[in-house]
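Colleague: The structure's right below; bear with me while I get my questions together.
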Amino acid sequence: MNRFKFSKLINNPVIVWLSLLLAITPSTPSFKYLIDDSMAFHMLVQIPLLILAGYLIGRYFKLNLNPRSLNIVLSCWLWFLFATLFWMLPISLDKALLSYGWDFFKIISLILTGLLLTVALSSSKILSLFFIGSTVMMLFFIGYYYQDTTLRLCNSYLIESQQNAGIGLIAMAFTIVFLCAAALYKEA
Amino acid sequence: MSVFTKKNLTTLLPLLVAVFWGFCFFNMTSSFSNLTSESERKANLFATQPEFSMHLTDENGQILTLSNLAKQQNKTLVTQFIYTQCKTLCLTLGDYFQQAQTAIKTQGLAQKIHLVSISFDVNVDNPERLKNYRKRMRADEDIWSLATMQSTQDLEAAKQDLGLIVLKTQLKDYVHNSAFLVISKQGKLLGIYDDDDIQGALVLAAKQG
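Top line first, the protein sequences correspond to chains H and Y.
When we follow numbering that gives the first Met the number 0, the leftmost residue of the first sequence carries the number 0, and every step to the right adds one.
When we follow numbering that gives the first Met the number 0, the leftmost residue of the second sequence carries the number 0, and every step to the right adds one.
This is how it looks when you write it as structure tokens:
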């Protein structure tokens with residue numbers, strides 16, 4: 000019953016387009032201060048929201064293509080892995096703030112990541128677990144480094160902001176593990 | 000044209016994705032060498048060799064530029080960026096310069112190396128404050144010069160040309176990047192050292208003729 004309601008909610012067009020709007024808003028000049036001031040907001044709110052918006056759009060348009068070819072699924076997962084790693088580099092975060100070109104690329108590439116995630120998740124469970132596992136490890140290690148190091152990695156952010164983002168990334172890694180465990184438990 | 004069959008294309012797809020992102024990483028990190036913008040800044044400084052033409056005021060109210068100071072002193076300059084009200088990083092930077100001053104004296108390098116502290120707090124720092132800072136730091140005039148940028152324009156120029164970054168914190172302090180720059184007698188950039196490596200900067204400066 001509960002699950003039925005949830006899937007109805009995320010297939011609601013209002014929710015889908017709202018998520019897209021919310022994800023893009025922090026890149027517009029008048030709301031730029033949100034990502035300018037807080038690394039955590041940039042990494043833990045805007046970037047995941049962009050991926051989520053892409054994912055919801057993909058679901059809304061039923062973009063799972065029934066991928067029979069392993070190569071297509073693998074490509075989607077590779078894209079996901081590379082894109083998330085790319086947007087966790089300190090230099091990428093800095094440049095997205097300083098250049099509209101990179102910020103535009105950030106929006107497009109991450110929405111596409113979300114779209115491809117729809118395809119990727121609709122295939123083999125084992126493959127999904129493997130790539131989600133890799134992403135979780137990446138989140139955890141990068142998060143650990145960000146909250147641990149005394150080096151200020153982004154010129155645009157204060158060190159406190161970097162430490163908060165690091166703690167947030169670790170929390171996100173654990174949340175994903177928990178969600179995966181819940182999903183597997185439900186299926187078993 | 001039989002190479003471009005649907006099957007071949009899907010086989011190549013993972014490779015294409017890897018190549019695409021490889022290109023993005025390559026582009027973003029200037030061929031995998033800079034993971035942070037600070038290291039990119041340093042690499043760029045060497046490549047562009049900026050002119051140190053920003054206008055500074057020293058504690059006697061005299062106007063000077065870094066290139067002029069280097070020629071005037073006929074010594075290799077080691078610079079750092081500070082603001083006199085700073086309670087954190089600049090104090091450490093000041094300590095490093097005090098140690099450097101002692102090292103220069105004991106090793107007889109006073110004719111070779113000159114230290115310069117440059118304040119970027121254009122609205123607050125003035126000759127008066129620089130004088131106080133000199134007293135506090137017990138800075139020797141023959142070895143250690145103090146100066147402040149003249150106007151916000153000079154600060155902007157330093158941000159643009161030298162990649163200086165200054166952020167205001169909630170307590171109205173500043174956070175700033177703080178590498179030591181080593182500048183030759185001719186006003187050329189010789190080296191950039193992290194804020195914990197004054198020793199490296201001094202060794203390089205001492206090597207110059």
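Cβ coordinates follow ideal geometry from the N, Cα and C atoms, glycine included.
Report the CB separation of leucine 145(Y) from alanine 156(Y) in whole angstroms; it is logged as a contact under 8 Å.
Modeller: With 8 Å as the limit, leucine 145(Y) and alanine 156(Y) do not qualify as a contact, their Cβ atoms being about 19 Å apart.
Colleague: Tell me, to the nearest whole angstrom, how far the beta carbon of glycine 167(H) is from that of leucine 43(H); I am working on the premise that it is less than 8 Å.
Modeller: That pair is a contact at about 4 Å.
Colleague: Relative to the alpha-carbon of proline 13(Y), which residue among Leu178(H), Leu128(H), Phe81(H) and Phe85(H) has its alpha-carbon at the smallest distance?
Modeller: For proline 13(Y), the nearest C-alpha among the options comes from Phe81(H).
Colleague: Would you mind stating whether alanine 205(Y) and isoleucine 191(Y) have Cβ atoms separated by less than 8 Å?
Modeller: No, the pair does not count as a contact, with Cβ atoms beyond the cut-off.
Colleague: Assuming serine 178(H) and valine 16(Y) make a contact with CB atoms under 8 Å, what is their CB distance in whole Å?
Modeller: According to the sequence provided, residue 178(H) is leucine. The question's serine does not apply to it. No, leucine 178(H) and valine 16(Y) are not in contact; Cβ-Cβ is about 25 Å, not under 8 Å.
Colleague: Return the Cβ separation of leucine 55(H) and valine 118(H) in integer angstroms, given the expectation that the two are a contact with Cβ distance under 8 Å.
Modeller: About 14 Å; that fails the 8 Å criterion.
Colleague: Are isoleucine 103(Y) and isoleucine 112(Y) touching if we call contact CB-CB under 8 Å?
Modeller: In this structure, isoleucine 112(Y) lies closer than 8 Å to isoleucine 103(Y) by Cβ.
Colleague: Please list the partners that tryptophan 78(H) has in chain Y, where partner means a Cβ-to-Cβ separation under 7 Å.
Modeller: Those are Val16, listed as they occur along chain Y.
Colleague: Inspect the CB distances between the region 132-151 of chain H and the region 103-111 of chain H and report whether three or more fall short of 8 Å.
Modeller: Contact between the region 132-151 of chain H and the region 103-111 of chain H is absent, because fewer than three Cβ pairs lie under 8 Å.
Colleague: What's the C-alpha gap between asparagine 33(H) and glutamine 71(Y)?
Modeller: With the sequence shown as reference, residue 33(H) is identified as leucine, and asparagine is not the correct amino acid for it. Cα-Cα distance, rounded: 47 Å.
Colleague: Along the region 12-39 of chain Y, what residues have a CB closer than 7 Å to any CB found in chain A?
Modeller: Of the chains in the structure shown, none is chain A; the protein chains are H and Y.
Colleague: Measure the beta-carbon distance from threonine 64(Y) to phenylalanine 51(Y) and round it to whole angstroms, keeping in mind my assumption that it falls under 8 Å.
Modeller: Between phenylalanine 51(Y) and threonine 64(Y) the Cβ distance is about 6 Å, and since that is below 8 Å, they are a contact.
Colleague: Taking just the CA atoms, how far does glutamine 152(Y) sit from serine 30(Y)?
Modeller: The alpha-carbon atoms of serine 30(Y) and glutamine 152(Y) are separated by roughly 33 Å.
Colleague: Comparing the C-beta of threonine 9(Y) with each C-beta of chain H, is any distance below 8 Å?
Modeller: Judged by the 8 Å Cβ criterion, threonine 9(Y) is in contact with chain H.
Colleague: Tell me, please, which residues DSSP counts as bridged to aspartate 57(Y).
Modeller: Aspartate 57(Y) is bridged to Ala146(Y).
Colleague: Specify the secondary structure class of glutamine 162(H) as computed by DSSP and reduced to three states.
Modeller: In this structure, glutamine 162(H) counts as helix in the three-state DSSP scheme.
Colleague: Return no unless some Cβ of chain Y is closer than 8 Å to the Cβ of serine 91(H).
Modeller: So yes, serine 91(H) belongs to the interface.
Colleague: Give me the subset of the region 142-153 of chain Y whose CB atoms are less than 8 Å from a CB atom of chain H, sorted by chain position.
Modeller: Those would be none; no residue qualifies.
Colleague: Please go through the same chain and pick out, in chain order, the residues whose beta-carbon is closer than 6 Å to the beta-carbon of glycine 60(Y), but skip the five residues on each side of it.
Modeller: For glycine 60(Y), where only same-chain residues beyond five positions count, the Cβ hits under 6 Å are Pro126.
Colleague: For glutamine 211(Y), which residues does DSSP report across the bridge?
Modeller: This structure leaves residue 211(Y) out entirely; chain Y is present only between 0 and 208.
Colleague: Starting from the beta carbon of isoleucine 71(H), find every residue of chain Y whose beta carbon is closer than 7 Å, and list them in chain order.
Modeller: Those within 7 Å of isoleucine 71(H) in chain Y are Thr9 and Leu12.
Colleague: So that I know if they touch, is there some Cβ in chain H lying closer than 8 Å to that of leucine 221(Y)?
Modeller: This structure does not reach residue 221(Y), given that chain Y is present from 0 up to 208, and the question cannot be answered.
Colleague: Comparing the C-beta of lysine 7(H) with each C-beta of chain Y, is any distance below 8 Å?
Modeller: It does not: the Cβ of lysine 7(H) has no partner Cβ on chain Y nearer than 8 Å.
Colleague: CB-CB under 8 Å to glutamine 162(H), same chain, minus the five flanking residues each way: which ones, in chain order?
Modeller: Closer than 8 Å at Cβ, skipping near neighbours: Tyr145 and Gln146.
Colleague: Does chain Y have any CB closer than 8 Å to the CB of asparagine 65(H)?
Modeller: Not closer than 8 Å to any Cβ of chain Y, the Cβ of asparagine 65(H) fails to qualify, so no.
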